[in-house]
Amino acid sequence: MRGHGHQVFVDELTQFVAGAADQRVTAIAERVAGPLRVAVNGRRGVGCATVARVLDRVTPGITVTPPERADVALYVTVEVLKPEDREALAAARRPVVVVLNKADLAGFGCAAQARCAQLAALIGVPVEPMIGLLAAAALDDLDAGSWAALRALAAHPGGSQCLDSGSEDFLAAQLPVPTEDRERLLQTLDLFGTALGIAAARRGKSAAQIRTLWRRVSGVDAVIDKLIAAGAEAYYRRVLRAVTELEALAVSDPDISEFLSRDDTVIARMAAAIDVVEAAGLDLGPAAPLPRAVHWHRYSGAPVCDVQRACGADIARGSLRLWSRAGEAV
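Quick note on the numbering used here: the sequence shown kicks off at 39 and runs consecutively.
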């Protein structure tokens with residue numbers, strides 16, 4: 039998964055902080071280690087609230103926040119892109135990840151991926167499929183009554199057949215599960231998630247295994263990966279700010295100066311910079327450290343933006359440290 043470079047720097051700084059006993063350094067470490075701030079938006083009825091709830095719970099590395107404080111935007115849509123979707127995406131001022139929620143409506147699996155590719159071609163932004171209700175069920179779990187209803191349906195020969203005809207037939211069918219319990223399953227899982235749960239229960243899967251299946255099928259982990267990649271520049275800017283603040287403190291603190299100059303710190307900065315250039319679709323250049331250092335040193339002197347210039351310098355420095363460690367000949 040991309041995004042590990044920022045974490046490498048955080049880990050190095052956290053280890054240093056443990057022995058520094060300096061509240062100023064601790065505060066810097068806390069700022070750079072903060073979660074990626076994601077704003078979730080989209081049209082009414084597309085499931086923004088469900089997706090936001092999932093993101094707030096799925097990993098401590100992400101927090102949902104108002105748009106004005108966000109590092110990355112997650113835009114939620116379903117089935118088709120409407121004019122207001124395109125307007126919102128065109129007006130975005132930060133990196134955007136687009137999610138096709140309720141992806142099972144597009145046919146699930148390859149069909150959903152194909153639909154995402156069609157939408158991406160229209161807007162010029164990658165689109166990732168997701169089933170928010172399944173992700174929420176995987177994280178929140180079901181109550182005991184819902185699990186009992188699911189297993190009772192799995193044990194009944196007609197428990198899943200009526201799902202093929204839609205929710206009305208499912209609720210009207212003569213089944214050994216009260217209608218209100220079936221309604222609760224549909225509210226929690228919808229038709230596809232209910233059918234998937236019944237099929238898994240029939241195969242003898244445990245509740246934990248079914249939740250794992252729901253999470254995998256929901257696509258939430260792929261969405262998280264996309265968000266982390268989209269946040270690479272925001273993460274890297276935090277690293278740059280932290281380094282600037284630490285350099286100011288290093289003037290009167292030799293321990294901080296030593297931390298900033300040691301190999302592991304320089305290589306950690308390189309890792310964070312690599313995340314940025316990979317997210318931008320740039321080629322990392324030669325695999326060998328010395329040629330790569332030369333490549334990125336030249337790049338840092340090219341007419342590029344400040345962040346890309348800093349990335350080039352950090353990758354060049356880190357590559358030189360790796361070359362020096364390896365003891366390779368010129």
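Built from N, CA and C at the ideal position, the CB exists for glycine as well. Computed from a predicted model, the values in this text were never measured in an experiment.
- If only complete runs of 4 or more residues are kept, the region 235-306 shows the alpha helix (DSSP H) at 245-256, 258-268, 270-288, 292-299, in order along the chain.
- By the Cβ test, the region 230-245 is not in contact with the region 120-134, since fewer than three Cβ pairs between them sit closer than 8 Å.
- The beta carbon of Phe230 sits closer than 6 Å to those of Asp142, all from its chain and outside the five residues before and after it, given in chain order.
- Here Leu213 really is in contact with Leu191; their C-beta atoms are around 7 Å apart, less than 8 Å.
- Where Pro327 is concerned, the enclosing alpha helix (DSSP H) starts and stops at 327-338.
- DSSP, reduced to helix, strand and coil, places Thr232 within a helical segment of the structure shown.
- When the alpha-carbon of Ser198 is set against those of Asp178, Ala182, Leu223, Ala175, the nearest one is in Leu223.
- Going by beta carbons, Val78 and Cys86 fall inside the 7 Å limit.
- Counted as a single uninterrupted DSSP element, the stretch harbouring Ile169 is not any alpha helix (DSSP H), since DSSP gives it neither H nor E.
- With 16 or more other Cβ atoms inside 10 Å of its own Cβ, Asp228 counts as buried.
- As computed with DSSP, Ala111 is found in a beta bridge with Ala77, Val134.
- Distance check between Ala280 and each of Arg189, Phe54, Val63 places Val63 closest, using alpha-carbon atoms only.
- Leaving aside the five residues that flank Ala270 on each side, the residues in its chain whose CB is nearer than 6 Å to its CB run, in chain order, Asp313, Val314, Ala317.
- In the three-state scheme derived from DSSP, where H, G and I count as helix and E and B as strand, Thr64 is classed as helix.
- It is roughly 8 Å from the alpha-carbon of Arg359 to the alpha-carbon of Val304.
- Counting only residues of its own chain and dropping the five nearest sequence neighbours on each side, Ala111 has a CB closer than 6 Å to the CB of Ala77, Ala130, Arg132, Val134.
- CA-CA distance, Pro216 to Leu119, rounds to 38 Å.
- Boundaries for Val116: no beta strand (DSSP E) harbours it, and the DSSP string shows neither H nor E there.
- Arg189 is the residue among Arg189, Val258, Val114 whose C-alpha sits nearest the C-alpha of Leu234.
- In this structure, the beta-carbon distance from Arg69 to Thr101 does not fall below 7 Å.
- Note on geometry: alpha-carbon atoms of Ile66 and Leu284 lie some 8 Å from one another.
- Spanning the alpha carbons of Ala174 and Val137 requires a straight line of approximately 15 Å.
- Assignment of beta-bridge partners to Thr226 by DSSP yields no partner.
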